[in-house]
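So the sequence shown is numbered by the numbering used here: it starts at 1 and just counts up by one.
For glycine and all other residues, C-beta sits at the position ideal for the given N, C-alpha and C.
Since the structure comes first, as structure tokens, the remarks are kept for the end.
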Amino acid sequence: MESFLEKLIDWKDFEKFVAELYKDSEELTVEHNVTEIGKSNAKRQIDVLVKQKTKLHTIKTIIECKRWKEPVDRQVIDVLFASVEDLNA
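Put into structure tokens, the structure is as follows:
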């Protein structure tokens with residue numbers, strides 16, 4: 001049975017909610033549901049991409065939104081780690 005919160009927010013709205021948490025800062029650029037090509041030439045879908053430009057480089061943070069009842073399994077973590085490595089995040 002779905003909880004009250006689950007009825008209010010679906011997974012896409014949850015991703016947008018997470019993106020909005022970062023949009024208050026003028027120092028950051030925030031994108032929702034983007035695809036980037038990694039060093040391996042593989043396409044990587046990113047739920048929320050946050051970038052901060054500094055004088056010397058750009059800091060890239062990728063956020064994988066999961067709103068599951070069960071703990072996230074190791075395979076999902078491995079895919080996220082591969083994306084972090086491939087996208088220099």
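>> Let me make sure I understand the geometry here. Which of LYS23, ALA89, GLU26 has the alpha-carbon closest to that of HIS57?
In response: ALA89
>> My assumption, with CB atoms under 8 Å, is that GLU15 sits in contact with CYS65. Please give the rounded CB distance.
In response: 5 Å
> Excluding the five sequence neighbours on either side, which residues of its own chain have a C-beta within less than 7 Å of the C-beta of VAL84, listed in chain order?
Replying inline: ILE62
> So what does DSSP say about ILE77, is it helix, strand or coil?
Replying inline: helix
>> Once DSSP output is grouped into helix, strand and coil, what is the label at LEU21?
In response: helix
> Around the C-beta of VAL48, are 16 or more other C-beta atoms found within 10 angstroms, so that it is buried, or is it exposed?
Replying inline: buried
>> Quick check on the burial criterion: 16 or more other C-beta atoms within 10 angstroms. Buried or exposed for ALA19?
In response: buried
> Would you report the Cα separation of LYS39 and ILE9, rounded to the nearest angstrom?
Replying inline: 34 Å
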